[in-house]
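Just below is one structure, and these are the notes that go with it.
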Ligand SMILES: NC(=O)c1ccc[n+]([C@@H]2O[C@H](COP(=O)([O-])OP(=O)(O)OC[C@H]3O[C@@H](n4cnc5c(N)ncnc54)[C@H](OP(=O)(O)O)[C@@H]3O)[C@@H](O)[C@H]2O)c1
């Protein structure tokens, strides 16, 4: 039976992905900054571990506690909506610490076991913002586009070790905790001069009629993990699929 470790399982896409793999017979290591076993069904195949992807000691402790894994899903991420002019560089760095360097640090931490065993798979969850430019998310997009390039290049150097890397690109889901979790970070990022433009963006988001569901992303990760065709990118959710095709 194979073991999958998923980051950021306290809510949203990560939580649903953990449920999906549990329901289909996998051993699941669901990691969270603040572990809560009650958000997932109880199972002998489930382990809930503490993991903050920005903390090297937390990464090593989680991987030591999990034992060998077959698949790593780098799902943990934070959002940011606002005018770049008003975004403090400390906030930009905070976004990159989780969305970009956190993914790289997790990847580097699992590579020794994957390369030694000559098998293993890493799925990096980015965003449909990498498929077409979207307004007021310059920093967030940069943090995710960096992972697109990182993953595509890494695929070449890991191929001869039998280690695969994949990208899952979710669309916009208003139902996860993404906006709530980013609320405080976004305060003050829409100065007066940008307010009319920001309003047009909020209005067009309210009119959007295709959204991504948590289950779309769980299924996207599932497809990426079971892929045998060499496909690198897996848009997830109808809005992401439409963008990828346009
Ligand atoms: N929702 C969308 O519209 C959307 C669209 C495209 C892509 N995405 C991407 O999809 C992924 C999941 O987002 P979501 O929508 O499911 O949002 P979410 O409900 O806010 O879930 C994000 C998860 O990441 C965790 N996390 C944040 N910082 C972390 C850190 N330093 N270390 C470990 N875990 C951390 C959160 O944990 P805490 O509970 O501890 O904060 C939470 O479990 C993210 O990578 C996001 O960028 C989301």
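In this note's numbering, the protein residues as written are 18 to 263.
Each residue gets a CB set at the ideal place from its N, CA and C atoms; glycine is no exception.
Computed from a predicted model, the values in this text were never measured in an experiment.
- In this chain, the alpha helix (DSSP H) harbouring residue 260 covers 255 to 262.
- Residue state for residue 49 is assigned as strand, using DSSP reduced to three classes.
- Nearest in C-alpha terms to residue 67, of all of 78, 86, 143, is 78.
- For residue 95, the distance from the CB to the nearest heavy atom of ligand 1 is below 6 Å.
- For residue 108, the distance from the CB to the nearest heavy atom of ligand 1 is not below 6 Å.
- Residue 181: member of the beta strand (DSSP E) spanning 180 to 187, first to last residue.
- Taking a C-beta distance under 7 Å as the contact criterion, residue 262 and residue 233 do not qualify as a contact pair.
- In the three-state scheme derived from DSSP, where H, G and I count as helix and E and B as strand, residue 142 is classed as strand.
- The Cβ-Cβ distance between residue 53 and residue 69 does not fall below 7 Å.
- Proximity of the beta carbon of residue 52 to ligand 1 is not indicated: no heavy atom of the ligand is located closer than 6 Å.
- Pairwise C-beta distances place the region 193 to 202 out of contact with the region 139 to 153, as fewer than three of them are shorter than 8 Å.
- For ligand 1, no non-hydrogen atom lies closer than 6 Å to the CB of residue 152.
- Along the length of the region 40 to 120, whole beta strand (DSSP E) runs at least 3 residues long occupy 44 to 49, 63 to 67, 88 to 91, reported in chain order.
- Look at residue 123 here: in three-state DSSP terms it is helix.
- 140 is the residue among 135, 140, 33 whose C-alpha sits nearest the C-alpha of residue 121.
- Within the region 147 to 181, no run of beta strand (DSSP E) at least 3 residues long lies entirely inside it.
- Distance from the Cα of residue 231 is smallest, within the candidate group 73, 131, 257, for 257.
- For residue 118 and residue 71, the gap between their C-alpha atoms comes out near 7 Å.
- For residue 135, the closest alpha carbon among the candidates 171, 143, 175 is that of 175.
- Taking the Cα positions, residue 38 is about 18 Å away from residue 187.
- Taking 8 Å as the upper bound for CB-CB distance, residue 23 and residue 65 are not in contact here, some 11 Å apart.
- Taking 6 Å as the cut-off, one finds no heavy atom of ligand 1 near enough to the beta carbon of residue 127.
- The three-state reading of DSSP puts residue 38 in helix, counting H, G and I together.
- Under the three-state reduction of DSSP output, residue 20 falls in the strand class.
- In the same chain as residue 75, and ignoring 5 residues on each side of it, the C-beta atoms closer than 8 Å to its own belong to 67, 68, 69, in chain order.
- Here residue 251 carries a strand assignment [DSSP, helix/strand/coil].
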